[in-house]
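*Asks:*
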Amino acid sequence: MKKNMAKKIILPVLALVFLIVAGVVFWYREIRLTPSNRWEAARTSFKKDFVITDTADGKLVENIRDKMSFVIPSDWTVDERDDILILYSPGIDLSLSKLPSKGCKIVPNITEIHISVAAMQKELNEKFSWPSIFNEKYENTEIVGHKAIIHSFDDTKLKTHFYSLHMPRKKLYEMILEAGLNTEDIEKCEKIFEQVLNTLSIQ
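Residues in the sequence shown are numbered consecutively from 523, following this note's numbering.
1) Is it buried or exposed for VAL593, if we count other Cβ within 10 angstroms and need 16 for buried?
2) Give a yes or no on contact between the region 660 to 675 and the region 575 to 590, applying the rule of three or more CB pairs nearer than 8 Å.
3) Does the Cβ-Cβ distance between HIS668 and MET689 come in under 7 Å?
4) To which residues of the same chain is GLU706 closer than 8 Å at the C-beta, ignoring the five residues directly before and after it?
5) Comparing C-alpha positions only, which one of PRO622, ILE606, LYS627 sits nearest to PRO595?
6) Please name the residue in CYS711, ARG691, GLN725, SER686 whose C-alpha comes closest to that of HIS673.
7) Suppose the cutoff is 7 Å on Cβ atoms and the five residues either side in sequence are ignored; what does the same chain contact list for VAL666 look like?
8) So, are the CB atoms of HIS636 and THR556 less than 7 Å apart?
9) Suppose the cutoff is 7 Å on Cβ atoms and the five residues either side in sequence are ignored; what does the same chain contact list for VAL535 look like?
10) In terms of residues, what are the limits of the alpha helix (DSSP H) holding PHE715?
11) Along the chain, where does the alpha helix (DSSP H) that runs through ASN647 open and close?
12) Could you give the distance in angstroms between the alpha-carbon of GLN717 and the alpha-carbon of ILE608?
13) Between THR678 and PHE650, which are expected to be in contact by the criterion C-beta below 8 Å, what is the C-beta distance as a whole number of angstroms?
14) Does DSSP put SER558 in a helix, a strand or coil?
15) By Cβ distance, which residues of its chain are closer than 6 Å to THR599, with the 5 residues on each side in sequence left out?
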């Protein structure tokens with residue numbers, strides 16, 4: 523009789539403990555936001571994480587590890603000298619700081635931090651605040667079913683136009699466009715970038 527009573531008590535207690543532990547693990551992995559003091563130390567994507575395949579529609583760029591893919595024009599090239607993936611349009615002309623004075627440059631980046639859209643907006647506001655920035659714009663949008671921020675500006679000191687997508691999910695997915703600071707390059711590169719974003723897939 524006492525054994526049966528003990529079993530009736532122990533089993534529900536064990537089940538409750540299991541549910542609590544499972545809930546804590548789920549919160550830690552899926553819900554908990556990464557503290558800002560850990561952002562800089564977080565792992566970011568490397569060129570070796572990506573596979574590029576020629577297709578009829580262009581070059582398919584895939585990061586299987588982080589479940590991200592997109593398509594760039596077939597005549598774009600990869601910077602073979604860098605550890606991160608940098609993609610160049612034909613006729614790219616780079617300054618000593620690797621910023622384009624002519625042409626387009628796209629850098630995909632995935633950082634293993636879990637942050638909110640509001641935290642991302644705050645980070646962008648604080649990070650890009652130097653006096654040489656002009657024509658700065660923010661746009662809250664939705665890409666592949668998830669909230670994201672489009673951030674663009676011209677830097678007269680660096681002589682570069684920046685146009686970037688920031689999508690906080692369980693990881694931070696970013697696509698950064700840099701273009702020569704002239705009307706022709708800005709219009710051409712933004713058009714190509716929007717076409718690339720239309721092919722973006724994040725699972």
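Ideal Cβ positions, reconstructed from N, Cα and C, are used throughout, including at glycine.
*Replies:* Taking the structure as given:
1) Classification of VAL593: buried, given that the 10 Å Cβ count is 16 or more.
2) no
3) yes
4) none
5) When each option's Cα is compared against that of PRO595, the closest is LYS627.
6) SER686
7) LEU722, SER723, ILE724
8) Between HIS636 and THR556, the CB-CB gap stays under 7 Å.
9) Because the pLDDT at VAL535 is just 47, under 50, the model does not fix this residue reliably, and the value given afterwards should be weighed accordingly. None.
10) Residues 705 to 720.
11) 639 to 649
12) About 17 Å.
13) With a beta-carbon spacing of about 14 Å, THR678 and PHE650 fall beyond the 8 Å limit used to define contacts.
14) helix
15) Within its own chain, the residues whose Cβ lies closer than 6 Å to the Cβ of THR599, once the five positions on either side in sequence are excluded, are TYR610, listed in chain order.
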